[in-house]
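Below is one structure, written out as structure tokens; the observations come after it.
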Ligand code: HEC
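In our numbering, the protein residues as written are 13 to 134.
Take a look at the structure:
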């Protein structure tokens, strides 16, 4: 049974020394993590809230799957303004808040990851 502790030790060293998210984290899992981080780092949190539940500055972002496809949502994030003219529900929502949704800076890939992550939230 002496081999077992050595194996465990190696496993611990291997796990603690992986810069890209750790052994066992699939690409999908690390993608979800990265998108959740974008939600914080791109300041969405300050208007839409830590739990996506909305604040007095912006609506809740829960249940968006009923209203958006990923590509459209990514385009909205890039340039929100034109979507208010296209989408009566969104225009109605916008009337409730003092300032409009600002454009989301970054890459198309980041915006798509954010959109997919948002749509996966219940
Ligand atoms: C300054 C406050 C503010 C910030 C920061 C902000 N939003 Fe918004 N967001 C709004 C407002 C207000 C609306 C409602 C539409 C409007 O008035 O333009 C909105 C609408 C939305 C919608 C549409 C909701 C629906 O019902 O379809 C999504 C999705 C969204 N925001 C995601 C984000 C994401 C992701 C970020 C960060 C990248 C973000 N927002 C940052 C204020 C903000």
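Here a beta-carbon is modelled for each residue, glycine too, at the ideal position from N, C-alpha and C.
Nothing here was measured: the structure is a model prediction, and the numbers come from that model.
Subject >> Of the listed residues 134, 123 and 131, nearest to residue 50 (C-alpha basis) >> reply: Position 38 of the chain shown, counted from the first residue, corresponds to residue 50. Across the set 134, 123 and 131, the C-alpha of 123 shows the shortest separation from the C-alpha of residue 50.
Original post:
Once you ignore the five residues that flank residue 118 on each side, which residues in its own chain have a CB closer than 7 Å to its CB?
Top reply: The residue you call residue 118 lines up with position 106 of the chain shown. Counting only Cβ-Cβ distances below 7 Å, and skipping sequence neighbours, we find 54.
**OP:** Just grab the DSSP bridge partners of residue 70 for me.
**Re:** Counted from its first residue, the chain shown places residue 70 at position 58. 67.
Subject >> Proximity of residue 82 and residue 127 at Cβ, strictly below 8 Å >> reply: Counting from one through the chain shown, the residue named residue 82 turns up at place 70. Counting from one through the chain shown, the residue named residue 127 turns up at place 115. Yes. Within cutoff.
Original post:
Of the residues 73, 131, 120 and 95, which one's Cα is nearest the Cα of residue 58?
Top reply: For this step, residue 58 is matched to residue 46 along the chain shown. For the options 73, 131, 120 and 95, the alpha carbon positioned closest to that of residue 58 is the one of 73.
Subject >> residue 63 to residue 133 span [Cα, whole Å] >> reply: As a position in the chain shown, residue 63 is number 51, starting the count at 1. As a position in the chain shown, residue 133 is number 121, starting the count at 1. So the alpha carbons of these two residues sit roughly 10 Å apart.
Original post:
How big is the Cα-Cα spacing for residue 115 and residue 38?
Top reply: For the purposes of this step, residue 115 is taken as residue 103 along the chain shown, with counting starting at 1. For the purposes of this step, residue 38 is taken as residue 26 along the chain shown, with counting starting at 1. Rounded to the nearest angstrom, the two C-alpha atoms are 30 Å apart.
Original post:
How many Å lie between residue 65 and residue 107 at the Cα?
Top reply: Taking the chain shown and counting its residues from 1, one reaches residue 65 at position 53. Taking the chain shown and counting its residues from 1, one reaches residue 107 at position 95. Between residue 65 and residue 107, the C-alpha separation is close to 18 Å.
**OP:** Return the CA-CA distance between residue 93 and residue 45, expressed in angstroms with no decimal places.
**Re:** Taking the first residue of the chain shown as 1, we reach residue 93 at position 81. Taking the first residue of the chain shown as 1, we reach residue 45 at position 33. Going by C-alpha positions, residue 93 is about 28 Å away from residue 45.
Subject >> Straight-line gap, residue 75 to residue 130 (C-alpha atoms, nearest Å) >> reply: Walking along the chain shown from the start, residue 75 turns up at place 63. Walking along the chain shown from the start, residue 130 turns up at place 118. Counting only the Cα atoms, residue 130 lies some 9 Å from residue 75.
Original post:
Expressed to the nearest angstrom, what Euclidean distance is found between the alpha-carbon atoms of residue 97 and residue 103?
Top reply: Within the chain shown, numbered from 1, the residue matching residue 97 stands at position 85. Within the chain shown, numbered from 1, the residue matching residue 103 stands at position 91. For residue 97 and residue 103, the distance between alpha carbons rounds to 7 Å.
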